[in-house]
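Structure first, commentary second.
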Amino acid sequence: MLRWLIVAIGVFCTGRASAGDVIAIAPGVDLIAGSFVPNRQPDGNSLVLRARDGLVVIDTGRHAGHTQKILDYAKIVNLPIKAVINSHWHLDHIGGNPRVRAAFPEVKIYSSGAIDEAMHGFLANYRKQLEGAIAQSKDDAQIAAWRSEILLIDAGHALYPDVVIEKTQTRRIAGRELVLHLQAHAVTAGDVWVFDPSARVLAAGDLVTLPVPFLDTACPARWDTALDDLAHTEFKTLIPGHGAPMSRAQFATYRVAYANLLACAASDKTKTACADGWLADAKALLADADPAFVKRLLDYYIDNSLRVPTAQRDKLCGTAAST
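Residue numbers (the numbering used here): 407 to 729.
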């Protein structure tokens with residue numbers, strides 16, 4: 407798994423770059439699209455909500471350029487960023503937190519508390535791997551990218567939430583009523599997905615990602631259950647963690663494709679058959695995807711996330727026996 411975090415910089419750069427423009431989703435709701443940019447890791451989508459007291463931002467990206475788009479948006483509309491909600495602790499969703507804090511010192515960041523365990527486990531191991539890769543590399547550009555990752559991890563508590571979401575709840579944040587759903591052991595140990603009932607917009611975080619589900623830290627079965635929870639929400643538009651906004655019909659397509667992928671991986675079918683099944687089931691959602699890229703991703707995830715020892719699965723699903 408950790409090896410993938412290193413090679414992903416090269417793998418992800420083969421994906422199609424998104425426009426990165428601000429996209430109007432609903433009145434008072436805009437999307438700052440994430441992107442796959444050559445020679446570096448991706449940025450997740452950021453959703454900006456205009457509230458009575460200022461802006462609420464859902465996820466802040468990874469790179470300075472993405473976060474700057476959020477800060478520029480705030481400047482253009484002449485509103486402060488009052489709150490950030492992080493869907494989960496992956497660096498492409500929380501990496502902009504320190505920059506937002508610097509620009510708006512009074513901002514409050516909301517998320518689950520799962521980052522603490524990740525910082526002492528997954529991210530600590532990732533940091534060690536990055537250091538090892540730097541020591542062996544002679545590629546200056548690659549080394550610079552890896553050093554940026556280390557600096558991001560070393561931001562430490564600037565990445566953490568000020569307000570820890572410990573259960574599903576309705577909160578008025580910056581004057582806007584939002585429903586914060588806490589999902590345990592799906593994409594990470596603690597995922598927060600957000601429903602805005604006034605706009606009927608659902609920010610799913612990485613519970614929905616394209617061109618494939620990003621399963622690195624996931625419990626696939628609980629992720630499937632989480633998709634059922636999303637389906638029971640009265641949203642009109644769903645914002646994935648990565649990829650274009652979805653209608654209810656498009657989300658239904660994703661949901662079926664995900665369930666079929668899990669079923670295929672649990673069978674004796676080949677990885678090629680499972681990848682072909684995903685490409686067929688999710689075809690309507692993958693117009694801009696490179697099929698070869700999708701197959702490379704699924705080849706990795708089937709071996710390292712779906713067809714894994716029970717102990718590895720139990721750890722990510724929060725069902726491992728205590729010792």
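Glycine is no exception: its CB is placed at the ideal position from the N, C-alpha and C atoms.
The structure presented is a predicted model; accordingly, all values stated were derived computationally and were not measured.
Between the CA atoms of Gly460 and Arg702 - distance to the nearest angstrom: 42 Å
Own chain residues within Cβ distance below 8 Å of Thr678, not counting five before or after: Lys701
Whole-number beta carbon distance between Ala430 and Glu523, since they are thought to touch under 8 Å: The pair is not a contact, with the Cβ atoms about 37 Å apart (cut-off 8 Å).
Glu572 (DSSP reduced to helix, strand or coil): coil
Secondary structure, alpha helix (DSSP H): runs of 4+ residues fully inside the segment 536-563: 546-559
First through last residue of the alpha helix (DSSP H) which encompasses Ala671: Arg654 to Ala671
Val614 and Pro646 closer than 8 Å at C-beta: yes
Among Ala489, Gln447, Ala509 and Val506, the one whose alpha carbon lies nearest that of His496: Gln447
Reduced DSSP category for Val506 - H, G, I as helix; E, B as strand; rest coil: helix
Cα-Cα separation, Ala632 to Asp612: 11 Å
Range of the contiguous alpha helix (DSSP H) that encloses Ile500: Leu497 to Ile500
Segment contact flag, the segment 503-510 with the segment 571-584, C-beta cutoff 8 Å, min 3 pairs: no
Proximity below 8 Å, CB of Val490 to CB of Val463: yes
Per-residue DSSP class, three states only, for His469: coil
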